[in-house]
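Using my numbering, the letters of the sequence shown map in sequence onto residues 5 to 136.
Report on the structure given below.
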Amino acid sequence: MSLNRVNPAELSPATGFSHAVTATGSRLVFLAGQTALDSEGEVTGTTLPEQFERALTNLLTALRHAGGTPADLARVTVYATDVAGYRANARELGAIWKRLAGRDYPAMAVIGTVRLWDEQAMVEVDGVAVLD
5 MSLNRVNPAE
15 LSPATGFSHA
25 VTATGSRLVF
35 LAGQTALDSE
45 GEVTGTTLPE
55 QFERALTNLL
65 TALRHAGGTP
75 ADLARVTVYA
85 TDVAGYRANA
95 RELGAIWKRL
105 AGRDYPAMAV
115 IGTVRLWDEQ
125 AMVEVDGVAV
135 LD
């Protein structure tokens, strides 16, 4: 498996994401949206960073059980109920990402949404990984 992160000089600096990712491999893993649900199905955390950490941990757990690692992530989408709050917490969220997933950033997008499936959820993360 090979992922090549592409960040052209003509585009704005890629901070915490890659502009494009090319992938070669033999298996795609489509990761369902994960929120801050614990193993009992209850939303945990009262702040966006707490919920982001749990949602990302859940996504990486699903990926690990599918045979992948954070470095295999080619694409991640973050759905946030408060994009301004997401931006305000960007530094802390970036530190959480680096601690849990490292510095090999996938192509990413953050999308604002009115609400998520669980009303208490502030953030949801889904993704696509490419494995050998």
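Glycine included, C-beta positions come from ideal geometry on N, C-alpha and C.
CA-to-CA distance, residue j to residue i, given in whole angstroms
i	j	result
Arg95	Lys102	11 Å
Arg58	Leu15	31 Å
Arg119	Thr19	26 Å
Met154	Ser22	It is not possible to answer for residue 154, since the shown part of the chain is limited to 5 through 136.
Thr73	Ile115	24 Å
Ala40	Gly71	22 Å
Leu67	Gly106	14 Å
Ala92	Thr51	12 Å
Asp108	Gly45	30 Å
Closest by C-alpha distance to residue i, when choosing among the options
i	options	result
Asp122	Asn93, Asp108 and Gln38	Gln38
Pro53	Ala105, Asp130 and Ala99	Ala99
Asn8	Arg68, Val118 and Val25	Val25
Gln55	Arg91, Ala84 and Gly106	Ala84
Tyr90	Ala27, Val127, Pro17 and Ala13	Val127
Residue i, DSSP secondary structure in three states
i	result
Val25	strand
Gln38	strand
CB contact flag (residue i, residue j, <7 Å)
i	j	result
Val134	Ala75	no
Ala111	Thr81	no
Gly131	Leu35	yes
Val10	Gln124	no
Nearest-angstrom beta carbon gap, residue j and residue i [assumed within contact, 8 Å]
i	j	result
Val129	Leu60	6 Å
Ser43	Asp136	Their Cβ separation, rounded to whole angstroms, is 29 Å, which puts Ser43 and Asp136 out of contact at 8 Å.
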